[in-house]
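A.B. asks: Chains as they are written, first to last, in the working numbering: chain W, 1 to 151; chain Y, 152 to 302; chain R, 303 to 712; chain H, 713 to 1122.
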Amino acid sequence: MSADLSDLYQNVILDHNRRPRNRGRIPTANRSAHGDNPSCGDQCDVFLRLDGDRIAEISFDGSGCAISQASASLMTTQLKGKTSAEAERLYKEFHEIVTTGKEPEEISDLGAFAGVHAFPARIKCATLSWHAALNALHGDPAPATTESHKD
Amino acid sequence: MSADLSDLYQNVILDHNRRPRNRGRIPTANRSAHGDNPSCGDQCDVFLRLDGDRIAEISFDGSGCAISQASASLMTTQLKGKTSAEAERLYKEFHEIVTTGKEPEEISDLGAFAGVHAFPARIKCATLSWHAALNALHGDPAPATTESHKD
Amino acid sequence: MPPTWDRIRDQFPILDQKVNGRPLVYLDNAATTHKPASVIAALDRFYARDNSNVHRGLHALSMRATDAYEGARSRVKTFINAAAPEEIIFTRGTTESINLVAASWGAANLRKGDVILLTEMEHHSNLVPWQLVAQRTGATLRYLPVTGDDGLLDLASLDRVLTPEVKLFAFTHVSNTLGTINPAAELCARARALGVTTVVDAAQSVGHMPLDVQAMGCDFLAFSGHKMASVTGIGVLYGRRALLDAMPPWQGGGGMISSVDFHESRWKPSPERFEAGTPNFGDAVALGASCDFLDGLGRDEIRRHDADLAMEARDRLSELPGIRILGPGGERGGLVSFAFSGVHAHDVVTFADEDGIALRGGHHCNQPLMRRLGLTSTVRASFYVYNERREIDALVDSMRRTIKFFGAGG
Amino acid sequence: MPPTWDRIRDQFPILDQKVNGRPLVYLDNAATTHKPASVIAALDRFYARDNSNVHRGLHALSMRATDAYEGARSRVKTFINAAAPEEIIFTRGTTESINLVAASWGAANLRKGDVILLTEMEHHSNLVPWQLVAQRTGATLRYLPVTGDDGLLDLASLDRVLTPEVKLFAFTHVSNTLGTINPAAELCARARALGVTTVVDAAQSVGHMPLDVQAMGCDFLAFSGHKMASVTGIGVLYGRRALLDAMPPWQGGGGMISSVDFHESRWKPSPERFEAGTPNFGDAVALGASCDFLDGLGRDEIRRHDADLAMEARDRLSELPGIRILGPGGERGGLVSFAFSGVHAHDVVTFADEDGIALRGGHHCNQPLMRRLGLTSTVRASFYVYNERREIDALVDSMRRTIKFFGAGG
Ligand SMILES: Cc1ncc(COP(=O)(O)O)c(C=O)c1O
Ligand SMILES: Cc1ncc(COP(=O)(O)O)c(C=O)c1O
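1) Determine the chain W residues that contact T397 (chain R) at a beta-carbon separation under 7 angstroms, and present them in chain order.
2) Taking Cβ-Cβ distances below 8 angstroms as the criterion, which residues of the segment 447-480 of chain R are in contact with chain W?
3) Inspect the CB distances between the segment 538-558 of chain R and the segment 567-574 of chain R and report whether three or more fall short of 8 angstroms.
4) Give a yes or no on whether the minimum CB-CB distance between Q669 (chain R) and chain H is below 8 angstroms.
5) Would you verify that the beta carbon of N355 (chain R) is, or is not, closer than 8 angstroms to some beta carbon of chain H?
6) With DSSP run on the structure shown, which of helix, strand or coil describes I13 (chain W)?
7) Shorter than 8 angstroms from the beta carbon of S214 (chain Y) to some beta carbon of chain H?
8) Taking Cβ positions, are Y445 (chain R) and L420 (chain R) nearer each other than 8 angstroms?
9) For A1025 (chain H) versus I1069 (chain H), is the C-beta distance shorter than 8 angstroms?
10) Pull every residue with its beta-carbon under 5 angstroms away from any heavy atom of ligand 2, and keep them in chain order.
11) Look up Q1079 (chain H) in the DSSP assignment and say whether it is helix, strand or coil.
12) Run through chain R and tell me which residues come within less than 8 angstroms of L128 (chain W), C-beta to C-beta.
13) List the residues of chain H that A121 (chain W) touches, going by C-beta distances under 7 angstroms, in chain order.
14) Smallest Cα separation from A487 (chain R): which of R:F473, R:G481, R:V327, R:M365?
15) Step through the CB atoms of chain H and report whether any lies within less than 8 angstroms of the CB of D36 (chain W).
16) To the nearest angstrom, report how far apart I705 (chain R) and V651 (chain R) are at their CA atoms.
17) Along chain W, in chain order, which residues have C-beta atoms closer than 7 angstroms to that of D649 (chain R)?
18) May I ask which residues mark the beginning and end of the alpha helix (DSSP H) holding T1114 (chain H)?
19) Taking only beta-carbon atoms, is N582 (chain R) less than 8 angstroms away from chain A?
20) Between the segment 588-600 of chain R and the segment 412-432 of chain R, do three or more beta carbon pairs fall short of 8 angstroms?
21) At a Cβ threshold of 8 angstroms, is D302 (chain Y) touching chain H?
22) Consider the Cβ of S153 (chain Y): report whether some Cβ of chain R lies at a distance smaller than 8 angstroms.
23) Can you grab the Cα-Cα spacing for the pair E57 (chain W) / E96 (chain W), in whole Å?
24) N401 (chain R): which of R:D597, R:A436, R:A367 sits nearest, CA to CA?
25) Confirm, please, whether the CB-CB distance from K253 (chain Y) to A265 (chain Y) is below 8 angstroms.
26) So, helix, strand or coil for N428 (chain R), using DSSP?
27) In the DSSP assignment, what are the bridge partners of G951 (chain H)?
28) Kindly list, in the order they appear in chain W, the residues whose Cβ is closer than 9 angstroms to that of G556 (chain R).
29) Below 8 angstroms on the Cβ atoms is my guess for G919 (chain H) versus S887 (chain H); work out the distance and round it to an integer in Å.
30) Going residue by residue through the segment 352-409 of chain R, where are the continuous alpha helix (DSSP H) segments of at least 4 residues, counting only ones entirely within it?
31) Assuming V562 (chain R) and P1080 (chain H) make a contact with CB atoms under 8 angstroms, what is their CB distance in whole Å?
32) My output table needs one value for G664 (chain R): the three-state DSSP class, helix, strand or coil.
33) Where does F119 (chain W) fall in DSSP's three states?
34) Taking the alpha carbon of D1012 (chain H) as the point to measure from, which residue in H:L933, H:L1038, H:G1046, H:C900 has its own alpha carbon closest?
35) Return yes when the C-beta of H975 (chain H) is under 7 angstroms from any heavy atom of ligand 1, and no when it is not.
36) Measuring only the C-alpha atoms, how far is G24 (chain W) from R49 (chain W)?
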């Protein structure tokens, strides 16, 4: 396997893909949003229980490639307990990681996604669940789609 | 001038172009038809006074290139006094002359149009007035257009 | 000199390259095919020698360009055995051809209460245009079902869905996801018996097998050049002359009018009526060259070649653990589409690319069919004249490595 | 290495030929321009190396093809200084671009009582689409007059015709018959002040002069590749993003949907929403190469070069007996159109062809304007980057011989 490909499919990603965390609908969710990637048919629902401005619980459901499933799973572990401002900041960092390959500032599993930048067609796979989560957070009724933003 | 071009612009044609015969509307016409060549904007009206099945009088009006004007003018001289069957036969002969370059069977000014066959784009110029005349003869209300038939 | 099968790969310059260090194995032909040197050269030669705007010109280049363009029309007429060149309308491709019929024929002939019959295996390009015209006219859509993973049309249901309210029946000749070859002549005959107008989507068939519109008995037929060894930007709508001449124009502009006034215009007959603006005569010339190329190889031979590869690939792939293969058990068009339990199509395609193999993964513009079969995506391998048996070996090896990596399938 | 003016003719292989035994003098550039070797090579290279269907592919060729196609979109964005690549929609050409606006924007925004304002000098392609949409919506057409043979828009009448009922104002930037360069920025500003949407037909301008859509202030702008040193089959609709995103789709099919169900679909935003089906990515790559070619020469220089030739031709021709020359007395686009008393345009063109000179004769898809000026046809000589002064000598000599032959004009 080439260096690029093994960078893309890192162990963290394979692990999250095989054993997704926080998968399924939270019964107590008070926010949710749907995301889809029309180029490839990937779908992702994100469910939140917001407690004030803080994400008390978060889960996802959907189908897609290893990158998109692992990204959604890892995202739920990262966003749990965060305020919306913190979530925005994390997304910004994640976005930079997947588009430029830059390593995260602090040691974080998000770094496992740095290999994505060498596969531009897969960047949307990695960011789909994050867009849905941010839409849920903002109470945006429109489904997130990877077509309406630039990655 | 090349042989082809002087074949196209024969003296008979230049003469009919310069001094068109039977130009203008006949006041006593009982049939008329309009023809146009959408590719180049040429227009031709043909007026007939039919006496039974015989063309008692015929005239044309319109605008177009030397070939189309000369053809209309010459046509009026040829069709005058003919029955509709004779007119059809003459048109068939004329059509063969302009598309194949074959000389007419009997000596006739129609032969002046044999040079047209070397200029396929000009065949429609030569036949426009004939189509209008046949439409007038048949009482066809639709304007003749060089697009609805194959030349 | 007609092209021959022996050294056929030499005629496709693009095949001579490595991808990720491995020889390119191009198995994405249902998306677009490659172009032989003769087609690229025809385009080149046209622009370097005869280029000029067509129709209205009286100078030498314009007459040559017009002859080349109308020559391409006649070539296509012969290729599909239309009754007259006037039945060949040049469009950008299958999608535009179907939109033309939907907008022009549909607007003139459909009204509330009418039914448009489609099948469950239609490509979005033979589905969305009908949704749009249904919205505008008040007609409704109805679907002839697909039987299941074997991908056949449920012909037993045809009587039930082909009722007197049906005004138009549009269906694909060969499915781009299932590989199914539908019995087009039979479907057209059944429709014609009820006075139903037929539209055949031949995107996946015309470059792969003999096709005779008069024998098929369709009213309209649509296809794309880029899926038949020609370039992008050119395609065809075939229509029976009597239908075309009764249809209103769709796009307006230069070339399609017989006279224009400030407030009213009159139209030319077909094909000009439907070719507003400067036509894509350059790419039409390339399409004519592709017809020559394909007939040089022989379309019966192409059909056999593509089907043999597809059936062999299907049989070999079916030995892999956890695979689900779509489409008919017997003969099929030159493609096979499949899914693995536990590995997503996009991961499969990315791994195959590492091995230099070009596959397509996704919904293949067949979302409703996918949903119907309980899938979101499949991997598709599709073959054309230059593909070889050894490429199936490479495909199967790559699939094996991928499912092993993901620990899936077994 | 940017193209240079010194040996510019060497870059156009088609120019190196004889017609009727005489060196080709191609003066039919307003109909279509020729293609430099770099553009033909770009097309060739794309098909021989990177060809693959775009967008939905994850393999190497598909990613390269997508980059090439989207790269061409960005190149065009820069060429006309659009705000974003999403404002560039690829079409077949000017005609299709205008039909797209008329069908999509028109259907959504026009109703009975509304007025579409055009000018008397519009090409059929910027006239017939509006007639068709007017018929469908109940809107009516109105025309800003042309002053006469000097071919100027009657700006003094603008206030009279640009009334509150006007919803859309469509006009040509440069007239293909008169050569007039209209004050597009001023017209757009006048329209914008009244909330009127503007459509600029840039078919005759974009390849001939600098053009900045933001400085011009138009809402939509349409042009064709084949009139700007590129190939047939590709053109552009520029639209302001906010307008495009509010417009319904026109054609339906693969690539433009965000999701499809058997009975309902959702659309992607621009540009995909308006690019149904496999796009003409091959020719789009060629269009990008043409932008490079033209910018290499410099568009200010091209404007000056073409206008100089047109003005010199006008001045020299005006000495001929019986000639009537159309268009403005001062600066003009690179063409001149004229008529002789007593010799029809088609005879002139046929005689010129004998001398190897390619001219256009006819109504130039401007029938209503012709009628307005009391003409049925004119002869048109139109210039581009490869034309030279000596070709004006050849033109004038040929005209002189023709009128002498017909014993006309004097
Ligand atoms: C001013 C103008 N508008 C529109 C068009 C139509 O362009 P196309 O035929 O490339 O669609 C032309 C050229 O024919 C033109 O000169
Ligand atoms: C069955 C079928 N129909 C229609 C289309 C659309 O063709 P195009 O994208 O060339 O318009 C395709 C290919 O994408 C197809 O496979």
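Ideal Cβ placement from N, Cα and C applies to all residues, glycine included.
C.D. replies: With the structure as the only source:
1) Here the question's residue 397 (chain R) lines up with position 95 in the third sequence. The contacting residues do not exist; T397 (chain R) stays about 16 angstroms from chain W at best.
2) Using a CB distance below 8 angstroms, no part of the segment 447-480 of chain R faces chain W.
3) Counting Cβ pairs under 8 angstroms, three or more are found: they touch.
4) Position 367 of the third sequence, counting from 1, holds the residue named residue 669 (chain R). Chain H contact via Cβ: present.
5) Here residue 355 (chain R) refers to the residue found at position 53 when the third sequence is read from its first residue. By this cut-off, N355 (chain R) is an interface position.
6) Indexing the first sequence from 1 puts residue 13 (chain W) at position 13. DSSP places I13 (chain W) in helix when its eight states are reduced to three.
7) Counted from its first residue, the second sequence places residue 214 (chain Y) at position 63. Yes, S214 (chain Y) counts as interfacial toward chain H.
8) By 1-based counting over the third sequence, the position of residue 445 (chain R) is 143. By 1-based counting over the third sequence, the position of residue 420 (chain R) is 118. Closer than 8 angstroms, so yes.
9) Within the fourth sequence, the letter at position 313 stands for residue 1025 (chain H). Within the fourth sequence, the letter at position 357 stands for residue 1069 (chain H). The Cβ atoms of A1025 (chain H) and I1069 (chain H) do not sit closer than 8 angstroms to each other.
10) R:G395, R:T396, R:T397, R:H425, R:S427, R:T474, R:N478, R:D503, R:A505, R:Q506, R:S526, H:G989, H:T990
11) Translated into the one-based positions of the fourth sequence, residue 1079 (chain H) becomes position 367. Here Q1079 (chain H) sits in helix by DSSP.
12) By one-based count along the first sequence, residue 128 (chain W) stands at place 128. Those do not exist, as L128 (chain W) stays about 12 angstroms from chain R at its closest Cβ, beyond 8 angstroms.
13) Taking the first residue of the first sequence as position 1, residue 121 (chain W) is located at position 121. L770, M775, listed in chain order.
14) Position 185 of the third sequence, counted from the start, is the residue given in the question as residue 487 (chain R). The residue with the shortest Cα to Cα distance from A487 (chain R) is R:F473.
15) By one-based count along the first sequence, residue 36 (chain W) stands at place 36. D36 (chain W) counts as touching chain H.
16) Translated into positions along the third sequence, residue 705 (chain R) becomes position 403. Translated into positions along the third sequence, residue 651 (chain R) becomes position 349. Between I705 (chain R) and V651 (chain R), the C-alpha separation is close to 12 angstroms.
17) The residue you call residue 649 (chain R) lines up with position 347 of the third sequence. Residues of chain W passing the Cβ test: C65, A66.
18) One-based indexing of the fourth sequence puts residue 1114 (chain H) at position 402. Counting along the chain, the alpha helix (DSSP H) containing T1114 (chain H) begins and ends at 1101-1117.
19) This model lacks chain A altogether; the protein chains it does include are W, Y, R and H.
20) no
21) Sequence index remark: in the second sequence, residue 302 (chain Y) carries index 151 (1-based). Since pLDDT at D302 (chain Y) reaches only 48, below the 50 mark, its modelled position is unreliable, and the value read off the structure follows with that caveat. No, D302 (chain Y) does not count as interfacial toward chain H.
22) For the purposes of this step, residue 153 (chain Y) is taken as residue 2 along the second sequence, with counting starting at 1. Chain R, which has no Cβ nearer than 8 angstroms to the Cβ of S153 (chain Y), makes this no.
23) Taking the first sequence and counting its residues from 1, one reaches residue 57 (chain W) at position 57. Taking the first sequence and counting its residues from 1, one reaches residue 96 (chain W) at position 96. Each residue's alpha carbon lies about 25 angstroms from the other.
24) On the third sequence, residue 401 (chain R) is found 99 positions in, with the first residue counted as 1. Taking only the C-alpha atoms, the option nearest N401 (chain R) is R:A436.
25) The residue labelled residue 265 (chain Y) in the question sits at position 114 within the second sequence. The residue labelled residue 253 (chain Y) in the question sits at position 102 within the second sequence. Their beta carbons are under 8 angstroms apart, which means A265 (chain Y) touches K253 (chain Y) by this criterion.
26) Translated into positions along the third sequence, residue 428 (chain R) becomes position 126. N428 (chain R): helix per DSSP, three-state reduction.
27) Within the fourth sequence, residue 951 (chain H) is the residue found at index 239, counting from 1. According to DSSP, G951 (chain H) bridges with H:F932.
28) If you number the third sequence from 1, residue 556 (chain R) lands on position 254. Correct list: empty, because the minimum Cβ distance to chain W is about 34 angstroms.
29) Taking the first residue of the fourth sequence as position 1, residue 919 (chain H) is located at position 207. Taking the first residue of the fourth sequence as position 1, residue 887 (chain H) is located at position 175. With 8 angstroms as the limit, G919 (chain H) and S887 (chain H) do not qualify as a contact, their Cβ atoms being about 15 angstroms apart.
30) As far as the segment 352-409 of chain R is concerned, its whole alpha helix (DSSP H) runs of at least 4 residues are 362-382, 396-402.
31) For the purposes of this step, residue 562 (chain R) is taken as the residue at position 260 of the third sequence. For the purposes of this step, residue 1080 (chain H) is taken as the residue at position 368 of the fourth sequence. Right, their Cβ atoms sit about 6 angstroms apart.
32) Translated into positions along the third sequence, residue 664 (chain R) becomes position 362. G664 (chain R) falls in the strand class under three-state DSSP.
33) On the first sequence, position 119 is the one that residue 119 (chain W) refers to. Of the three classes helix, strand and coil, the one that applies to F119 (chain W) here is coil, per DSSP.
34) Translated into positions along the fourth sequence, residue 1012 (chain H) becomes position 300. The shortest C-alpha separation from D1012 (chain H) is found at H:G1046.
35) Here residue 975 (chain H) refers to the residue found at position 263 of the fourth sequence. Incorrect: H975 (chain H) has no Cβ contact closer than 7 angstroms to ligand 1.
36) Within the first sequence, the letter at position 24 stands for residue 24 (chain W). Within the first sequence, the letter at position 49 stands for residue 49 (chain W). Spanning the two alpha carbons is a distance of roughly 13 angstroms.
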